[in-house]
Structures are given as structure tokens and as C-alpha cells.
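K.L.:
Quick one: the structure is below, questions incoming.
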Amino acid sequence: MRRKLMAPALLAAILAGGLPAIAEPPTVSGVTVHVDLSAMRDPGASVHYAHLDEDLTSAISDRLAKDGRIAKTGLHLDIRVKAVAVPPAGSTAQGQATPELTAAVIEMAPGTEAGSANGTGTAPGARKAYTLTVTAKDGLATPDISQAVTVVAPSAQDYYEAMVLHFADSVVQSL
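Numbering-wise (this note's numbering), the sequence shown opens with residue 20 and increments by one.
Pasting the structure below:
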């Protein structure tokens, strides 16, 4: 009889406080993207990526909003683009090279002033910092070759959009 009473009591005690809580993904209050195209060694970067800061901010914010992860009290993402590689004209169509984007991603603690990070994550309030590199090729859809399809080589705009969206997905997934 005593054994029958102890089992439910033990189970209740374990369930009341013994299970670890599942962490909720953090919310974000804002996204700041810094791009200094004049500092890029590639002269084509300023032509091809003139709106990269706005496009990255929009893509990341859209993904966070879709997941319900925007909040006034959330952390702030400070993203500093370090390098943008623009392949030679025509090389993307031949599959030789694809655009590449490298940036420092700094997760600033809630309430920390946006832009106070120095690019290395050592600023006060930096919760987490890492360097993220993506290529447009990683973000492009691969055609299903089991079907009879005609594959058209992606345009420069396709590569740009794939790179921006893949970068945004990678940032949101790493939170």
C-alpha cells in the first residue's frame, strides 16, 4: 500500500520542478546593418550591392516578424559587413564563382545602444558575437533532375537575392 502512494507523490515532485524548462528563442527589438562599400576592395561591390544594408535589414526583420520574435524589450542585432565578393562578369552563369558575403554578427543585450559594438563583440552589452559567411550558391534552389525540366542559369539578381535571403535565414537560425 505504501508503495502505491509513493509512486504518484514521486512523479508529482519530479513534474513540479524536476524537468528543465525549454528555452524560448530570444526576441529582437531591432536590426542595424552597417555596410561601408567604399572600404571594399572590389570596385564592383558598390554597383552591385548599393542597397545591401536595407535589403539585409528588411530580410532579417521579415523573418523575425514571421516567427513572432520582434519585441520592444528584445536584444538588438548589430551586423557589420566585412566583405562582399563579386565574381567576374559571366562567371556565375558558368558556375565558376558566386557572390559571397562575410559579416560580423553581434547580439547586443536588451537596452544596449544600437551601434555601440566595435565589430568584434567586445563592446559592453555584447551577448554573443560571431562571423558569418554565406554564398549565393548555398541559397539557390537545386532543380529536381528526376523531372524533365529546362534549367536556366540564374541571373546576377537571382544570386544577390539568394545570398541576402540565405544570410537572413542563417542569422535568425543562430539566435
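Glycine residues also receive a C-beta, built at the ideal position from the N, C-alpha and C atoms.
Given the structure is predicted, the values throughout are model-derived calculations rather than measurements.
Among the residues of its own chain, which have a CB less than 8 angstroms from the CB of S57, if the five just before and after it don't count?
P.N.:
Once the five neighbours on either side are set aside, the close Cβ partners of S57 are S65.
K.L.:
Just curious, the beta strand (DSSP E) that E126 is in, first and last residue?
P.N.:
E126 -> beta strand (DSSP E) spans E119 to M127.
K.L.:
My understanding is that M127 touches L94, with C-beta atoms under 8 angstroms, so please give their C-beta distance in whole angstroms.
P.N.:
6 angstroms between Cβ atoms; contact.
K.L.:
Which same chain residues end up closer than 8 angstroms to A187 when comparing Cβ atoms and leaving out the 5 residues on each side of it in sequence?
P.N.:
Closer than 8 angstroms at Cβ, skipping near neighbours: L75, A78, I79, D81 and R82.
K.L.:
Do you know offhand how far L120's Cα is from T152's?
P.N.:
If you take the alpha carbons of L120 and T152, they lie about 6 angstroms apart.
K.L.:
At which residues does the beta strand (DSSP E) containing T154 begin and terminate?
P.N.:
A145 to T154 is the extent of the beta strand (DSSP E) around T154.
K.L.:
What are the boundary residues of the alpha helix (DSSP H) that L96 is part of?
P.N.:
Careful: L96 lies outside any alpha helix (DSSP H), inside the beta strand (DSSP E) at L94 to A104.
K.L.:
Can you have a look at V191 and say buried or exposed, based on whether 16 or more other CB atoms are within 10 angstroms of its CB?
P.N.:
By the neighbour-count rule (16 or more Cβ atoms within 10 Å), V191 is buried.
K.L.:
Between the alpha carbons of S48 and A175, how many angstroms are there, rounded?
P.N.:
S48 and A175: Cα-Cα distance of roughly 32 angstroms.
K.L.:
Please name the residue, chosen from V50, A90 and Y68, that lies closest to P44 on a Cα-to-Cα basis.
P.N.:
If we check each option's Cα against that of P44, A90 comes out closest.
K.L.:
Nearest to V100 by alpha carbon, out of Y68, L194, E73 and H53?
P.N.:
The option with the nearest alpha carbon to V100 is H53.
K.L.:
Determine the direct distance from the alpha carbon of R88 to that of T46, and round the result to whole angstroms.
P.N.:
Each residue's Cα considered, the two are about 5 angstroms apart.
K.L.:
Cβ of P118 within 9 angstroms of Cβ of T92?
P.N.:
No, they are not a contact pair.
K.L.:
Which residues in the same chain have their Cβ closer than 8 angstroms to the Cβ of S189, if we skip the five residues on either side of it in sequence?
P.N.:
Here the set comprises L151 and V153.
K.L.:
Taking 8 angstroms as the cut-off, is the CB of A123 close to at least one heavy atom of the ligand HEM?
P.N.:
As far as ligands go, the structure on display features none, and thus does not contain the ligand HEM.
K.L.:
Tell me whether A123 is buried or exposed, calling it buried when 16 or more other Cβ atoms sit within 10 Å of its Cβ.
P.N.:
It counts as buried.
K.L.:
In terms of residues, what are the limits of the beta strand (DSSP E) holding S48?
P.N.:
Run containing S48: V47 to H53, per the beta strand (DSSP E) assignment.
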